[in-house]
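A.B. asks:
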Amino acid sequence: MERFVVGVSLVALLLTSVCSCGRQDTSRKPTYPVTGEVYVDGSPAANLAVRCISVSGLDKENPTFSSAFTDEQGRFSISTYEQADGVPEGEYVLTFEWGQWDYVSGQYGGPDKLKGRYKDPATSKIRFKVEAGKPTNLGRIELTTK
61 MERFVVGVSL
71 VALLLTSVCS
81 CGRQDTSRKP
91 TYPVTGEVYV
101 DGSPAANLAV
111 RCISVSGLDK
121 ENPTFSSAFT
131 DEQGRFSIST
141 YEQADGVPEG
151 EYVLTFEWGQ
161 WDYVSGQYGG
171 PDKLKGRYKD
181 PATSKIRFKV
191 EAGKPTNLGR
201 IELTTK
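Written as structure tokens, this is what we have:
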């Protein structure tokens, strides 16, 4: 009897995993690559947080959060669901914060080297539109600490 229960359990587990493999997440929106580079006071800004905010507001049914961190050359590729997958179609503004990583806690924060100047989506001057099927390169974005 014990063998039968184990056998039935294994078959049920196998069927569950096989059936769920082909299932797609219908709440996930298609994304399109968005890249750029950030310079602060004329130099590439490493480890700067880039956040992408929808102009139309938060989608309450299927909200997304899109962001990136710049590399050593100031380059970034925005991520929504996966690394560098881009953002859904729409109009956006970018916000920027330049803190630092606390590797002990695994958190990003501390004093903003940009003094909060680029943190508010309502005052952001970096606006762009993402169109279906098209990658968006924002080019070089110049910020200042002064």
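In the numbering used here, each number is its position in the sequence shown, counted from 1, plus 60.
We treat Cβ as the ideally placed atom computed from N, Cα and C, and that holds for glycine.
1) May I ask you to report which of helix, strand or coil DSSP gives A105?
2) Quick one: using the 10 Å Cβ neighbour count with 16 as the cut-off for buried, is P171 buried or exposed?
3) Quick check on G96: buried or exposed, where buried means 16 or more other Cβ atoms within 10 Å of its Cβ?
4) Can you tell me where the beta strand (DSSP E) with G199 in it begins and where it stops?
5) Going by beta-carbon coordinates alone, are A109 and F125 separated by less than 7 Å?
6) According to DSSP, simplified to helix, strand and coil, what is T155?
7) Examine the Cβ distances between the stretch 89-106 and the stretch 162-171 and report whether three or more of them are shorter than 8 Å.
8) Based on Cα-Cα distance, which residue from P90, Y152, T86 lies nearest to S192?
9) Buried or exposed for G134, going by 16 or more other Cβ atoms inside 10 Å?
10) Relative to the C-alpha of F188, which candidate in V115, K173, Q160, T204 has its C-alpha closest?
11) Report yes if the C-beta distance between V100 and V147 is below 7 Å; otherwise report no.
C.D. replies: In short:
1) coil
2) exposed
3) buried
4) 196-203
5) no
6) strand
7) no
8) The identity of residue 192 in the sequence shown is Ala, whereas the question assumes Ser. Among P90, Y152, T86, the Cα nearest to that of A192 belongs to P90.
9) buried
10) V115
11) no
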